[in-house]
Amino acid sequence: QKEVEQNSGPLSVPEGAIASLNCTYSDRGSQSFFWYRQYSGKSPELIMSIYSNGDKEDGRFTAQLNKASQYVSLLIRDSQPSDSATYLCAVEAGGYQKVTFGTGTKLQVIP
Amino acid sequence: DVKVTQSSRYLVKRTGEKVFLECVQDMDHENMFWYRQDPGLGLRLIYFSYDVKMKEKGDIPEGYSVSREKKERFSLILESASTNQTSMYLCASSLSGGETQYFGPGTRLLVL
Numbered sequence: 001q002k003e004v005e006q007n008s009g010p011l012s013v014p015e016g017a018i019a020s021l022n023c024t025y026s027d028r029g030s031q032s033f034f035w036y037r038q039y040s041g042k043s044p045e046l047i048m049s050i051y052s053n054g055d056k057e058d059g060r061f062t063a064q065l066n067k068a069s070q071y072v073s074l075l076i077r078d079s080q081p082s083d084s085a086t087y088l089c090a091v092e093a094g095g096y097q098k099v100t101f102g103t104g105t106k107l108q109v110i111p
Numbered sequence: 112d113v114k115v116t117q118s119s120r121y122l123v124k125r126t127g128e129k130v131f132l133e134c135v136q137d138m139d140h141e142n143m144f145w146y147r148q149d150p151g152l153g154l155r156l157i158y159f160s161y162d163v164k165m166k167e168k169g170d171i172p173e174g175y176s177v178s179r180e181k182k183e184r185f186s187l188i189l190e191s192a193s194t195n196q197t198s199m200y201l202c203a204s205s206l207s208g209g210e211t212q213y214f215g216p217g218t219r220l221l222v223l
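Spelled out as structure tokens, the structure:
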């Protein structure tokens, strides 16, 4: 069983729509959760981090965490073509700070 | 701004060669990481370090070793390169546990 699972996509949404990206994880002891964005040929960069249950909003982005169900999601409102990228979910188990990444979901925003 | 640099963007080596990949960060971060990224497999952790001279195995340490003699520098060593080590190698650093990781530009390694 993969430790962090994401649908590889591609997820296609029209410009202006809401994009919903989901991630599940297996380690119940996980404490820190991250969403990274990776453009083709570039390195990952942080979009959001979330540490407690509930929602966290930053501009057009909202991260949602549900530890009981072991999932974390990222909502992108008013999607723009520039949001087209691969979104990586990352989970930190605590202890000696090992971080596990999902394989990423490719998002395509259609103009 | 945090800056993570890697010694090479592209590298071509022969099977059996010893390969050194270097990573330097300039923000006094405690943690440093080495990943490889392959299509369909995502980012996989090779090794990480949470302090000078300390290292921990990640998910795929076989065929690799690391060195962290100074806080700002973390080296990945391929003792005897093999074709299945052809990949994109990404270095990252973070201030401490639970913090954002900042990635370097990556080294695309081709082993012939």
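As they're listed, the protein sequences go chains A and B.
For the first sequence, position 12 (counting from the first letter as 1) is numbered 12 according to the numbering used here, and the numbering increases by one without interruption.
Converting from the second sequence to the numbering used here requires adding 111 to each position, the first position being numbered 1.
Beta carbons: idealized from backbone N, C-alpha and C, even for Gly.
Sequence-distant Cβ neighbours of residue 106 of chain A in its own chain, meaning closer than 6 Å and more than five residues away, are 9, 10, 86. The continuous stretches of beta strand (DSSP E) do not include residue 7 of chain A, and DSSP gives it neither H nor E. Using a CB distance below 9 Å, the part of the region 21-36 of chain A facing chain B consists of 31, 32, 34, 36, ordered along the chain. Its Cα nearest to that of residue 25 of chain A, the residue A/3 stands out among A/52, A/3, A/111, A/74. Within the same chain, 117, 120 come within 7 Å of residue 216 of chain B by CB-CB distance, once the 5 residues on both sides are set aside. DSSP places residue 170 of chain B outside both helix and strand once states are collapsed to three, so it counts as coil. Residue 200 of chain B and residue 154 of chain B have their C-alpha atoms spaced approximately 9 Å apart.
Taking C-alpha positions only, residue 19 of chain A is separated from residue 70 of chain A by approximately 20 Å.
Contact with chain B is absent for residue 105 of chain A, since none of that chain's Cβ atoms lies less than 8 Å from the residue's Cβ.
Contact fails between the region 128-147 of chain B and the region 31-43 of chain A, because fewer than three Cβ pairs, one in each stretch, are under 8 Å apart. The beta carbon of residue 127 of chain B sits closer than 6 Å to those of 191, all from its chain and outside the five residues before and after it, given in chain order. At a cut-off of 8 Å between beta-carbon atoms, residue 216 of chain B makes contact with chain A. For a Cβ distance threshold of 8 Å, residue set 34, 46, 49 of chain A lies close to residue 211 of chain B, ordered along the chain. Residue burial is scored here from C-beta neighbours: residue 58 of chain A has fewer than 16 other C-beta atoms within 10 angstroms and is therefore classed as exposed.
Looking at the DSSP output, residue 54 of chain A bridges to A/65. Contact between residue 125 of chain B and residue 223 of chain B holds, with the beta-carbon distance rounding to 6 Å and staying under 8 Å.
When the alpha-carbon of residue 79 of chain A is set against those of A/17, A/91, A/31, A/64, the nearest one is in A/17. Interface residue (Cβ-Cβ distance to chain B less than 8 Å): residue 88 of chain A is classified as such. Residue 54 of chain A is classed as exposed because its beta carbon has fewer than 16 other beta carbons within 10 Å across all chains shown.
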